[in-house]
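Each remark here refers to the structure printed beneath this line.
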Amino acid sequence: MKKIRLGRSGFESSRLAYGCMRIAGDGSGEARDRGKRALRAAIDAGYTLFDHADIYASGECEALFGELLAESPGLRDQLVVLTKSGIRFAGDPDPTSPGRYDFSKDYLRTCVEGSLKRLNVEQIDVLLLHRPDYLADFHAVVELFDELADSGKVAHFGVSNFSPSQVSLLQSLTSRPLIVNQVEINLHNTSAFSDGTLDQCIERRMTPQAWCPIAVLAYPAWGNTFSADDEARIRAEVDRQAGIYGVDDWLVALAWLLRHPAGISPIVGSTTPGRIVAAVRALDIDYSREDWYRLLEARNAAPVP
Ligand SMILES: NC(=O)c1ccc[n+]([C@@H]2O[C@H](COP(=O)([O-])OP(=O)(O)OC[C@H]3O[C@@H](n4cnc5c(N)ncnc54)[C@H](OP(=O)(O)O)[C@@H]3O)[C@@H](O)[C@H]2O)c1
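Using our numbering, read the sequence shown as starting at 266 and increasing by one per residue.
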């Protein structure tokens, strides 16, 4: 597995991250066993960055990962453990509470304590603010960053789903480098190419991580707006390229992200060992500029102007 340096940190991580959002499945014993097999397959295939959030299966994904660490002495030190906080589901804490984002110090502090316990680690390597809280007091947030770093509970910080201006605002308040912006990038959602997100990652040496990287091909993207004709046109071009490169179609989608000069790190979220292993092949595709633009044109249903 190819390695990257994570933002302006000293951490090295695998170019592909493994996403743990689905590892607990429906919470049954069978699903949890499948999740553990997926984690082991990812570790064996050389993934070293494991992406979590406190809300994934209401903490069950972090807990499953923590169990694996407890069963595998020495493993923790080989991995980069990333988790996210700041989203609160409806019903928390009262049945009438709405879904919301909450970057208040007390709430985030409690989240971090919970994640540390479930993950069974003494330190979170990277903590991301999951989605921008419109009501955040970012001065208070950076005070909390200091507190968490000084106490050794968190090594590095980053963000997820932040706009470039939100990144700039937060970064202006702290000398700690924000090392990651984790955003949705796939054949449906290409906003990061043009809204400044990836430019900013290059400029500030942040690592962009792409969530749901194979949406459209494996499952409909969030907020899908593609028609059946759009999907057929995109799939035809993907299939054509898959034939040329001699790979499965979804590896073309990964190669398309990997080709961008910002050094996008796709987060692979399959729980199927064969797919987790196969995804690594995308790193070896010598993907051409021409095919990148052919797929963009198929996606846009228009030639570039
Ligand atoms: N920051 C955020 O706001 C945010 C939001 C969403 C996700 N994330 C992170 O991003 C990670 C990746 O997203 P994702 O889980 O959606 O990953 P993904 O790799 O884009 O998709 C994985 C899903 O697609 C299925 N799949 C994979 N290959 C397939 C194929 N060839 N044909 C058909 N189905 C296929 C998988 O099924 P099997 O499991 O059966 O293989 C699984 O259900 C998550 O795990 C999470 O860590 C972050």
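Idealized CB from N, CA, C, for every residue including glycine. Keep in mind that this is a model prediction, so the values were computed, not measured.
Looking at the backbone, the Cα of aspartate 316 and that of aspartate 371 are separated by about 23 angstroms.
Per DSSP, the beta bridge partners of threonine 472 are Val445. Between the C-alpha atoms of tryptophan 515 and cysteine 326 there is a straight-line separation of about 25 angstroms. Judged by their CB atoms, threonine 313 and leucine 344 are nearer to each other than the 8 angstroms cut-off.
In the three-state DSSP reduction, lysine 267 falls in the coil class, being neither helix nor strand. Of the heavy atoms belonging to ligand 1, at least one sits nearer than 7 angstroms to the Cβ of valine 533.
As a beta-bridge residue in DSSP terms, arginine 365 pairs with Arg353.
For isoleucine 499, the secondary structure class from DSSP, reduced to helix, strand or coil, is helix.
Around proline 429, the same chain offers Asp460, Gly461, Thr462, Asp464, Gln465 as residues with beta carbons nearer than 8 angstroms, after the five sequence neighbours per side are excluded. For secondary structure counted as the beta strand (DSSP E) over 3 or more consecutive residues, the region 491-546 holds these complete runs in sequence order: 530-533. Shortest Cα-Cα distance from serine 456 to any of Arg365, Arg564, Asp298, Phe410 involves Arg564. Distance from the Cα of glutamate 336 is smallest, within the candidate group Ser362, Leu304, His421, for Leu304.
With 16 or more other Cβ atoms from the protein chains shown falling within 10 Å of its own Cβ, alanine 480 counts as buried. Distances between the C-beta of proline 568 and the heavy atoms of ligand 1 are all 7 angstroms or more.
Excluding five sequence positions before and after isoleucine 550, the CB atoms of its chain that fall closer than 6 angstroms to its own CB belong to Tyr510, Ala520, given in chain order. Put simply, the backbone Cα of arginine 469 is about 43 angstroms away from that of glutamate 295.
Between the alpha carbons of serine 425 and glycine 331 lies a distance of about 23 angstroms.
The region 414-424 makes contact with the region 382-397: 3 or more CB pairs, one atom from each, lie closer than 8 angstroms. Per DSSP, glutamate 387 lies in no alpha helix (DSSP H) segment and is marked neither H nor E.
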